[in-house]
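All remarks here apply to the structure that follows.
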């Protein structure tokens, strides 16, 4: 049963402090105040902000311990029919009555919470102080900020897309330079293509190659679980696994990140690990960009070299983060054929 009051009188336990009683009543809702009542019986007047909290406290404690008391504070706000209420405030309205004493079409709006009623009163007072017309008429009454009087009626320029050269149509008329007179014999200027975005603003990705992982762990669900346990799955944009030959019993995995820091964290996590008693350790290093997620970011001829990928990472990181993979057979042959100096 809902009572239209936010105040109850409660019998307290002998020796119970006001602080402990207040903490106990807060389980029903926010408490506005708690005061001791005079008399031989230890009783307190508990005032909640919301009448629903008081009703719940009465239902839980029972009439042998708690009794409803007169309302404390006003839950009613007089508002006009065109007043603007937020969606959250509408859900806190208990009842609406027509104000028969007013000829301006106002309503008496009753809220559950006295705080909502206070906010509604403040909103009604603010709307009364504002002019009815909020367009040019309101601007004339309030006035433009100092120094911007000439721009008070100008429309704001539309935002210009990134990497697009703004044309005169996208700028205010006040800032467009006057057109210069061109001779009839002069050829029409050819529009130049928009400049491409700077190289350092193009997307980059970083790929880590992990070798020495047992073949049974290289299935897609199993390796995905390994990345999740390592805290790397949420930052991974792509990964693939490569099973090793039967005599090797271990294979590789390629994991691609957008963040260089996450790539370094992946290397630090896997480097030197052992999954079995064979003594083989896992190796991990940074791969060239074109070895991960083909077609994800770059276009033909734009793949970065391995040295360029490493330069993107901070050179002050750990030695594990700068570990490189084994060289190719062609590089070993070139080193063997190179002349040696004593």
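Numbering (the numbering used here), first residue to last: 7 to 348.
Note that CB positions come from ideal geometry on N, CA and C, so glycine has one too.
Spatial distance of residue i from residue j (CA atoms)
i           : j           : result
residue 71  : residue 16  : 6 Å
residue 228 : residue 268 : 20 Å
residue 273 : residue 291 : 6 Å
residue 244 : residue 217 : 17 Å
residue 56  : residue 103 : 20 Å
residue 135 : residue 85  : 14 Å
residue 43  : residue 32  : 19 Å
residue 38  : residue 277 : 60 Å
residue 30  : residue 59  : 13 Å
residue 281 : residue 262 : 22 Å
residue 130 : residue 61  : 29 Å
residue 98  : residue 77  : 17 Å
residue 236 : residue 250 : 23 Å
residue 242 : residue 288 : 20 Å
residue 254 : residue 221 : 9 Å
residue 79  : residue 234 : 55 Å
residue 25  : residue 12  : 20 Å
residue 259 : residue 223 : 10 Å
6 Å CB neighbourhood of residue i in its chain, flanking five on each side removed
i           : result
residue 293 : 213 and 215
residue 83  : 115, 123, 126 and 127
residue 10  : none
residue 238 : 272
Residues sharing a beta bridge with residue i, DSSP
i           : result
residue 291 : 215
residue 16  : 50 and 72
residue 220 : 256
residue 244 : 262
residue 85  : 113
C-beta atoms of residue i and residue j nearer than 9 Å
i           : j           : result
residue 63  : residue 35  : yes
residue 257 : residue 219 : yes
residue 247 : residue 225 : yes
residue 51  : residue 40  : yes
residue 54  : residue 81  : no
residue 120 : residue 73  : no
For residue i, three-class secondary structure by DSSP
i           : result
residue 28  : helix
residue 282 : coil
residue 117 : strand
residue 56  : strand
residue 101 : strand
residue 36  : coil
residue 238 : coil
residue 260 : strand
residue 112 : strand
residue 66  : helix
residue 124 : helix
residue 134 : helix
residue 42  : strand
residue 230 : helix
residue 129 : helix
residue 77  : coil
residue 270 : helix
Chain-order list of residues whose beta-carbon lies under 7 Å from that of residue i (same chain, five-residue window excluded)
i          : result
residue 18 : 27, 48, 49 and 50
Beta-carbon contacts of residue i that lie in its chain and below 8 Å, excluding the five residues immediately before and after
i           : result
residue 286 : 218, 256 and 280
residue 20  : 48
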